[in-house]
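Participant: Please find one structure pasted underneath; my questions will follow.
Residue numbers (our numbering), protein chains in the order written: chain A, 11 to 189; chain B, 7 to 106.
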């Protein structure tokens, strides 16, 4: 297996949603590192959708074709909890509500088969951050897109009110070849 | 409790009030298209629905306390013939009702 190759580095500022593209057939596996992702309002978490290249690059796949299973924990709550969803169109990118102080989330994600139209895309995501009640939270989750589409990127957006935005995020994208 | 249709009307008003909303694709900033605004309304309504229907679970989980604390309550209830644990659980459920 070859080494990780850095593809892009971007800093995003206030937007209703942010989209990072760059998944191609050049690499087999992609590694996405998102740091200091903050929402403009507290008590919100982030959701995501894969994007495709039709009709144009970065078009979100809004079909209810996502499955997700995860595990979330929070230092202020007593019992970590498992959750799952099937047939959703808004899977969770950080299923921990952000603290009002807005220190931000830290995520890493491994994306498998995104650009291969003959296979489903799957992803593993880990998230941590200072969550509501000023306590650390974490999330581990797996996601499956149950359609064979060319996935060219990912769109991230906050849950909650219409005016909620991503205030800031640093995004680093890497590629990995398996041979 | 509001219906999803009612929450969609609320969401539409919120999105209209929040315009213009911008998106950022690989560093290029532009306003949402009409189609994207429509999706924003759907997402906002669904988010409100989820909060309305399911946030009580998190609140109850926090209110119940740890399993260790609950077992301690049950132990002393058994020793003293009291109903502290049962009353506590009932109070948490009552304070955080399940939506109809």
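C-beta atoms are modelled at their ideal positions from N, C-alpha and C, and glycine is treated no differently.
Owing to the predicted nature of the structure, the values given are computational and were not obtained by experimental measurement.
Do the region 18 to 29 of chain A and the region 149 to 162 of chain A make contact, defined as three or more Cβ pairs closer than 8 Å?
Facilitator: no
Participant: Can you pull the chain A neighbours of residue 21 (chain B), defined as C-beta to C-beta under 9 Å?
Facilitator: 172, 173
Participant: Of all Cβ atoms in chain A, is any one closer than 8 Å to the Cβ of residue 177 (chain B)?
Facilitator: Lying before the first or after the last residue shown, residue 177 (chain B) is absent from chain B, which here runs from 7 to 106.
Participant: Looking at the structure shown, is residue 160 (chain A) part of a helix, part of a strand, or coil, going by DSSP?
Facilitator: coil
Participant: Answer with buried or exposed for residue 88 (chain B), where buried requires no fewer than 16 other C-beta atoms within 10 angstroms of its C-beta.
Facilitator: exposed
Participant: Quick one, which of A:18, A:38, A:150 has its alpha-carbon nearest residue 121 (chain A)'s?
Facilitator: A:38
Participant: Let me know the secondary structure DSSP gives residue 92 (chain A) once reduced to three states.
Facilitator: strand
Participant: Assign residue 60 (chain B) to one of three DSSP states: helix, strand, or coil.
Facilitator: Reduced to three states, the DSSP call for residue 60 (chain B) is helix.
Participant: I want to verify the contact list: residues of chain A whose CB lies under 7 Å from the CB of residue 50 (chain B), in sequence order.
Facilitator: 171, 172
Participant: Between residue 46 (chain B) and chain A, is the shortest Cβ-Cβ distance under 8 Å, so that the two count as touching?
Facilitator: yes
Participant: Return the residues of the region 10 to 43 of chain B that lie within a Cβ-Cβ distance of less than 7 Å from chain A, sorted by chain order.
Facilitator: 17, 20, 21, 24, 27, 28, 29, 30, 31, 32, 33, 35, 38
Participant: To the nearest angstrom, how far is it from the Cα of residue 170 (chain A) to the Cα of residue 64 (chain A)?
Facilitator: 28 Å
Participant: If you draw a straight line from the C-alpha of residue 14 (chain B) to the C-alpha of residue 58 (chain B), how long is it?
Facilitator: The alpha-carbon of residue 14 (chain B) is positioned some 13 Å away from that of residue 58 (chain B).
Participant: Does the beta carbon of residue 29 (chain A) sit closer than 8 Å to a beta carbon anywhere in chain B?
Facilitator: yes
Participant: Answer with yes or no whether the minimum CB distance from residue 79 (chain A) to chain B is below 8 Å.
Facilitator: no
Participant: Would residue 56 (chain A) and residue 164 (chain A) be called neighbours here (beta carbons separated by less than 8 Å)?
Facilitator: no
Participant: Looking only at C-alpha atoms, which of A:180, A:141, A:60 sits nearest to residue 3 (chain A)?
Facilitator: With chain A covering 11 to 189 only, the question about residue 3 (chain A) has no answer from this structure.
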